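Trainee: Here's a structure for you.
Chains as they are written, first to last, in my numbering: chain A, 28 to 167; chain B, 28 to 167; chain C, 1321 to 1399; chain D, 1321 to 1399.
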């Protein structure tokens, strides 16, 4: 198995770089999911977000996701990059790319990866509003 | 309805530019599909591809796809760019991007768009091998 | 009527040119397709063969007029 | 045994620090969680609260050893 292409970073995510990582001559399709920071949650205006991770475990869980995706779907490669720290509206929090000989597998793998990431990867998002802040999903 | 973001071009497709077109502050997710040129079809080595279109109708059919996608799914924007002319192995033939408040719609819209494009848009692909060439899908 | 048909991909190769001008004695897209298949036997072997009239896929009973932009659409393979 | 617990997100705010050192008299991850919820009542209000041992999610019966890297995982919200 090739090295994992997953990364946590405080820098702006680079779409081209991530797509180039998964590209290869056998692949006919690449699906990419980009999670961006929205300007509002339930009509409340968001000023910015702050992401924090348990980095060693987060990376280990991200690697599990790409390994599972390779077992479940006929993909060539998968890369998952997640940004940490302060993010402004419109910036990318996560980019996931999956390359495959046939497009179905690329779509399914990418979808699986973002759905699983949101459930299992220890990363936390704080939404900062004009009048307060909240750790997302924490309370019922 | 906003202007269509669809394009046919002989130039290399620019991923960043296409994603920036669909981006906006209300969107929480962008799905992108990239169709690339594979190096082989049924084990036969491909040298390069040549794409040709009935351009006016192709653009009209691409615009129909993004309009239908906006009706069917809760997306903000969709852009479909298709390249024409000679493409080398690994280059992008098509890039489709869809932005949405929630990721499900982005995935479904992108998938709908590439599936429909392959059925309805008058674009033709010739595969050039070392020992011959063939218009794809033409014969049983 | 005199019509001019745009050709692409494999149909361009079968006919040997990128347009075809002909005197058409029928009225509909379906009749035009039958006419072309009789004239160019190799068109019969294609997976599909559609007629477009003014940038829209035509039905068999779509009426063709002299000024329409007509195209022959072999199986598409974009993406 | 003396253990040290890594804290993140809302649990860091509830406890007031990014690590917590304590004398733990139990054996399992489940017992540790109960201990922490008794000590910090506000942890009870969270949608979920998991324990990670050496970078893996622990079950309630996972045994904790003194040298393990232990973390408290409130509801995650990445992506």
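The C-beta atom is built at its ideal place from N, Cα and C for all residues, glycine as well.
Predicted model, so just to flag it, every value in this text is computed and none were measured.
Strictly under 7 Å for the Cβ-Cβ distance: is residue 28 of chain B near chain C by that measure?
Mentor: Note that residue 28 of chain B scores 47 on pLDDT, short of 50, meaning its location in the model is unreliable and no value can be drawn from it.
Trainee: The alpha helix (DSSP H) with residue 69 of chain B in it runs from where to where?
Mentor: Segment: none, residue 69 of chain B is in no alpha helix (DSSP H) and carries neither H nor E.
Trainee: Of all the CB atoms in chain C, is at least one closer than 7 Å to the CB of residue 75 of chain B?
Mentor: With 7 Å as the cut-off, residue 75 of chain B does not count as an interface residue toward chain C.
Trainee: Counting only beta-carbon separations shorter than 7 Å, does residue 187 of chain A have a partner in chain B?
Mentor: Limits of chain A in this structure are 28 at one end and 167 at the other, which puts residue 187 of chain A out of reach.
Trainee: What separation, rounded to the nearest whole angstrom, lies between the Cα atoms of residue 93 of chain B and residue 46 of chain B?
Mentor: Straight-line Cα distance between these residues: approximately 15 Å.
Trainee: Where does residue 52 of chain A sit, in a helix, a strand or coil, going by DSSP?
Mentor: Correct three-state label for residue 52 of chain A: coil.
Trainee: Taking residue 1372 of chain C as the reference, which of B/85, B/109, B/76, B/74 has the closest Cα?
Mentor: With distances taken between Cα atoms, residue 1372 of chain C lies closest to B/85.
Trainee: Can you tell me whether DSSP reads residue 1352 of chain C as helix, strand or coil?
Mentor: It is helical.
Trainee: To which residues of the same chain is residue 58 of chain B closer than 6 Å at the C-beta, ignoring the five residues directly before and after it?
Mentor: Correct list, in chain order: 125, 133, 134, 137.
Trainee: Enumerate, from N- to C-terminal direction, the unbroken beta strand (DSSP E) stretches of 3 or more residues contained entirely within the segment 76 to 120 of chain A.
Mentor: Here the runs fully enclosed are 104 to 110, 112 to 115.
Trainee: Starting from residue 160 of chain A, trace the beta strand (DSSP E) both ways and give me its first and last residue.
Mentor: It spans 159 to 162 - the beta strand (DSSP E) in which residue 160 of chain A sits, taken as one unbroken run.
Trainee: At a Cβ cut of 8 Å, what residues of the segment 1327 to 1359 of chain D count as close to chain A, listed as they run along the chain?
Mentor: Within the segment 1327 to 1359 of chain D, the qualifying residues are 1328, 1329, 1330, 1333.
Trainee: Would DSSP call residue 1365 of chain D helix, strand or coil?
Mentor: It is helical.
Trainee: Would you call the segment 138 to 155 of chain B in contact with the segment 74 to 83 of chain A, where contact means no fewer than 3 C-beta pairs closer than 8 Å?
Mentor: Cβ pair count under 8 Å is below three, so no.
Trainee: Would you call the segment 1346 to 1358 of chain C and the segment 1341 to 1352 of chain D touching, i.e. three or more CB-CB distances under 8 Å?
Mentor: The segment 1346 to 1358 of chain C is not in contact with the segment 1341 to 1352 of chain D.
Trainee: Using 8 Å as the threshold, is the segment 61 to 68 of chain B in touch with the segment 48 to 64 of chain A, meaning 3 or more CB pairs across them?
Mentor: Yes, they touch.
Trainee: According to DSSP, simplified to helix, strand and coil, what is residue 143 of chain B?
Mentor: Residue 143 of chain B falls in the helix class under three-state DSSP.
Trainee: Looking at chain B, is there any beta carbon in it that lies within less than 7 Å of the beta carbon of residue 78 of chain A?
Mentor: Judged by the 7 Å Cβ criterion, residue 78 of chain A is not in contact with chain B.
Trainee: Of all Cβ atoms in chain A, is any one closer than 7 Å to the Cβ of residue 1391 of chain D?
Mentor: It does; some Cβ of chain A falls within 7 Å.
Trainee: For chain C, check one thing: does any of its Cβ atoms lie closer than 7 Å to the Cβ of residue 152 of chain B?
Mentor: Closer than 7 Å: yes.
Trainee: Just reading off the beta strand (DSSP E) that residue 1373 of chain D is part of, what are its end residues?
Mentor: Taken as a continuous stretch (DSSP letters only), the beta strand (DSSP E) holding residue 1373 of chain D covers 1370 to 1373.
Trainee: Please state if the CB of residue 119 of chain B and the CB of residue 75 of chain B are separated by a distance shorter than 7 Å.
Mentor: The answer is no: Cβ separation not under 7 Å.
Trainee: Return helix, strand or coil for residue 62 of chain A, following the three-state DSSP convention.
Mentor: Strand.
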